[in-house]
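Peer 1: Numbering (my numbering), first residue to last: 43 to 383.
Even for Gly, the Cβ is constructed at its ideal location relative to N, Cα and C.
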Amino acid sequence: MSRIVAVGEVLLRLKSPGPERLFQSPALEARFGGAELNALAALSGFGHSTSLVTTLPESVIGDAALGEIRRLGVGAGAICRAPGRMGLYFAESGHGVRSGLVLYDRAGSAFANSIGAGFDWARLLADADLLHLTGVTPAVSPRGSQAARDAVASAVALGKEVSFDVNFRAPLWEGVAQHAQLTLGSLMRGATILFASAYDLATFLALESKVGGTGSGFAEFEALTAAAFDALPRLQMICTYERTGDHATHNTLVAAGRDQRGFYVTAPREVEGIVDRIGAGDAFAAGVLHRLLAPKPCPDALEFGLAATALKHSVPGDVNLASEEEISAILAGRSPAKMRR
Numbered sequence: 043m044s045r046i047v048a049v050g051e052v053l054l055r056l057k058s059p060g061p062e063r064l065f066q067s068p069a070l071e072a073r074f075g076g077a078e079l080n081a082l083a084a085l086s087g088f089g090h091s092t093s094l095v096t097t098l099p100e101s102v103i104g105d106a107a108l109g110e111i112r113r114l115g116v117g118a119g120a121i122c123r124a125p126g127r128m129g130l131y132f133a134e135s136g137h138g139v140r141s142g143l144v145l146y147d148r149a150g151s152a153f154a155n156s157i158g159a160g161f162d163w164a165r166l167l168a169d170a171d172l173l174h175l176t177g178v179t180p181a182v183s184p185r186g187s188q189a190a191r192d193a194v195a196s197a198v199a200l201g202k203e204v205s206f207d208v209n210f211r212a213p214l215w216e217g218v219a220q221h222a223q224l225t226l227g228s229l230m231r232g233a234t235i236l237f238a239s240a241y242d243l244a245t246f247l248a249l250e251s252k253v254g255g256t257g258s259g260f261a262e263f264e265a266l267t268a269a270a271f272d273a274l275p276r277l278q279m280i281c282t283y284e285r286t287g288d289h290a291t292h293n294t295l296v297a298a299g300r301d302q303r304g305f306y307v308t309a310p311r312e313v314e315g316i317v318d319r320i321g322a323g324d325a326f327a328a329g330v331l332h333r334l335l336a337p338k339p340c341p342d343a344l345e346f347g348l349a350a351t352a353l354k355h356s357v358p359g360d361v362n363l364a365s366e367e368e369i370s371a372i373l374a375g376r377s378p379a380k381m382r383r
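1. On the three-state DSSP scale, how would you describe Arg123?
2. With 16 as the cutoff for other CB atoms within 10 Å, does Pro213 come out buried or exposed?
3. Assuming the contact rule is C-beta atoms closer than 8 angstroms, Gly117 and Leu85 should be a hit. Round their C-beta distance to whole Å, please.
4. Which of helix, strand or coil does DSSP assign to Lys354?
5. In angstroms, rounded to a whole number, what distance separates the CA positions of Ser258 and Thr267?
6. Leaving aside the five residues before and after Thr294 along the sequence, list all residues of the same chain whose C-beta is less than 8 angstroms from its C-beta, in chain order.
7. Which word fits Glu134, buried or exposed, when buried means at least 16 other C-beta atoms lie within 10 angstroms of its C-beta?
8. Runs of 3 residues minimum, wholly inside the stretch 258-331: which ones carry the beta strand (DSSP E) assignment?
9. What distance in whole Å lies between the Cβ atoms of Val178 and Gly50, which are believed to be in contact at a cut-off of 8 angstroms?
10. Any contact between the stretch 99-108 and the stretch 230-244? By contact I mean 3 or more CB pairs, one from each, below 8 angstroms.
11. For a quick check, are the C-beta atoms of Leu79 and Leu56 less than 9 angstroms apart?
12. Could you spell out where the beta strand (DSSP E) holding Pro99 opens and where it closes?
13. Around the C-beta of Lys202, are 16 or more other C-beta atoms found within 10 angstroms, so that it is buried, or is it exposed?
14. Starting from the Cα of Met43, find the closest Cα among Gly347, Leu54, Ile235 and Asp169 and give me that residue.
15. Could you give the distance in angstroms between the alpha-carbon of Tyr146 and the alpha-carbon of Leu64?
16. For the beta strand (DSSP E) that Thr176 lies in, which residues bound it at each end?
17. Which residue's Cα is closest to the Cα of Ser388: Gly60, Phe346, Gly87 and Leu247?
18. Helix, strand or coil for Phe210 per DSSP?
19. Can you list, in chain order, the stretches of the alpha helix (DSSP H) that have 4 or more residues and sit fully within the stretch 112-169?
20. Does the count of Cβ pairs from the stretch 178-197 and the stretch 334-344 closer than 8 angstroms reach three?
21. Check whether the Cβ atoms of Val52 and Gly160 lie closer than 9 angstroms to each other.
22. For Lys57, write down the residues that DSSP places opposite it in a beta bridge.
23. Please report how far the alpha carbon of Lys354 lies from the alpha carbon of Val361, in whole angstroms.
24. Exposed or buried, what is Asp207 when buried is set at 16 or more other beta-carbons lying within 10 Å of its beta-carbon?
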């Protein structure tokens, strides 16, 4: 198994119960999550050694977050504590024809104000096989942006693999949108494994596919990934998945990706009765990384990642708690109607 280091913010998630609207009743469910933590927790569950580089507030909420990180099996030796608040987000689940909702409240958090201060990235990454980060971290604050760029630069200098999930969230870049293309494009250029959509490639790398429009299935993505391999010399694999559907609780998922051998598209997977879709992208990233680190070929990694994503939709909370055995059962076509005994 491999050792994976990630840098990112841990958030307190406050969600309305079940399919209720926010504050429809005087109750909110409290859980911890965050893109990088979600991915590391799943990878820890698959047996990898993981370490999260983050800053938590010096408070009882920070203490609780630290306890949850340890409970999930994620290494906490690189976690710093600092004065300040915990980043939050509020969520409500979609249901039927009503979309879900996420509202961020993370400005000025302990992470945003302190991350990266005095960090020795060469030491933090010395025994790592792979660095994982997302485009959320540089959007949080100038310190977050610098920390992400420093971490990737150090990983590249050390010859480490870098996994980057663009994970573009427009509300987080509000007021500094002009920096998104420069910052995200720079981080994409350091990646060996890239999780990015056709929009990400066209926008942040200024690539042209010569395929008109974006409504042509994966044709646009296929052309753009070919251009990305020409533009990014470190790149070994690029992938994404898409969801379609007319109902929040019934979606169709399909994954696509390219490596140096070719372009691949998985068979679609139907996901019905969705319990919680937050963290599905992180489950996909963790599944793909797990198989690539085995090492397994790109088509295998895409299928495993998509099955992991499908299972995540049945798990409340940010983190995918599905085991490798359960994901393998999905891939083998075993009926979920049968009780495991």
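Peer 2: Let me lay it out:
1. Residue mapping note: residue 123 aligns to position 81 of the sequence shown, counting from 1. DSSP places Arg123 in strand when its eight states are reduced to three.
2. Here residue 213 is taken as the residue at index 171 of the sequence shown, counted from 1. Exposed, since its Cβ has fewer than 16 Cβ neighbours within 10 Å.
3. Along the sequence shown, read from residue 1 onward, the residue named residue 117 stands at position 75. Along the sequence shown, read from residue 1 onward, the residue named residue 85 stands at position 43. Actually they do not touch by this definition, with Cβ atoms about 11 angstroms apart.
4. Locating residue 354 in the sequence shown gives position 312, counting from the first residue. Note: Lys354 maps to helix in three-state DSSP.
5. Within the sequence shown, residue 258 is the residue found at index 216, counting from 1. Within the sequence shown, residue 267 is the residue found at index 225, counting from 1. Only weak support exists for where Ser258 lies, its pLDDT of 49 falling under 50; the value from the coordinates is given anyway. Their backbone Cα atoms lie some 15 angstroms apart in a straight line.
6. The residue given as residue 294 occupies position 252 in the sequence shown. So the qualifying residues of the chain are Arg285, Thr286, Gly287, Pro310, Arg311, Glu312 and Val313.
7. In the sequence shown, the residue the question calls residue 134 occupies position 92. Under this definition Glu134 is a buried residue.
8. 279-289, 292-301, 305-307 and 311-314
9. Counted from its first residue, the sequence shown places residue 50 at position 8. Counted from its first residue, the sequence shown places residue 178 at position 136. Correct: roughly 7 angstroms between the Cβ atoms.
10. no
11. Looking up residue 79 in the sequence shown gives position 37. Looking up residue 56 in the sequence shown gives position 14. In this structure, Leu56 does not lie closer than 9 angstroms to Leu79 by Cβ.
12. In the sequence shown, the residue the question calls residue 99 occupies position 57. Unbroken beta strand (DSSP E) run through Pro99: Ser91 to Pro99.
13. Within the sequence shown, the letter at position 160 stands for residue 202. Buried, by the Cβ-count rule.
14. Stepping through the sequence shown from its first residue, residue 43 is reached at position 1. The shortest C-alpha separation from Met43 is found at Asp169.
15. Locating residue 146 in the sequence shown gives position 104, counting from the first residue. Locating residue 64 in the sequence shown gives position 22, counting from the first residue. If I take the Cα positions, the gap works out to 13 angstroms.
16. The residue you call residue 176 lines up with position 134 of the sequence shown. Its beta strand (DSSP E) spans residues Leu172 to Thr176.
17. For the chain, the structure presents residues 43 to 383; residue 388 sits outside this window and is missing.
18. Against the sequence shown, residue 210 aligns to sequence position 168. Residue state, collapsed to three classes: coil.
19. Fully enclosed alpha helix (DSSP H) runs of 4 or longer: 152-156 and 163-166.
20. Contact between the stretch 178-197 and the stretch 334-344 is absent: fewer than three C-beta pairs spanning the two stretches fall below 8 angstroms.
21. For this step, residue 52 is matched to residue 10 along the sequence shown. For this step, residue 160 is matched to residue 118 along the sequence shown. Not in contact: Val52 and Gly160 (Cβ atoms no closer than 9 angstroms).
22. For the purposes of this step, residue 57 is taken as residue 15 along the sequence shown, with counting starting at 1. BP columns for Lys57 point to Glu71 and Ala133.
23. On the sequence shown, residue 354 is found 312 positions in, with the first residue counted as 1. On the sequence shown, residue 361 is found 319 positions in, with the first residue counted as 1. Lys354 and Val361: Cα-Cα distance of roughly 8 angstroms.
24. Here residue 207 refers to the residue found at position 165 of the sequence shown. It counts as buried.
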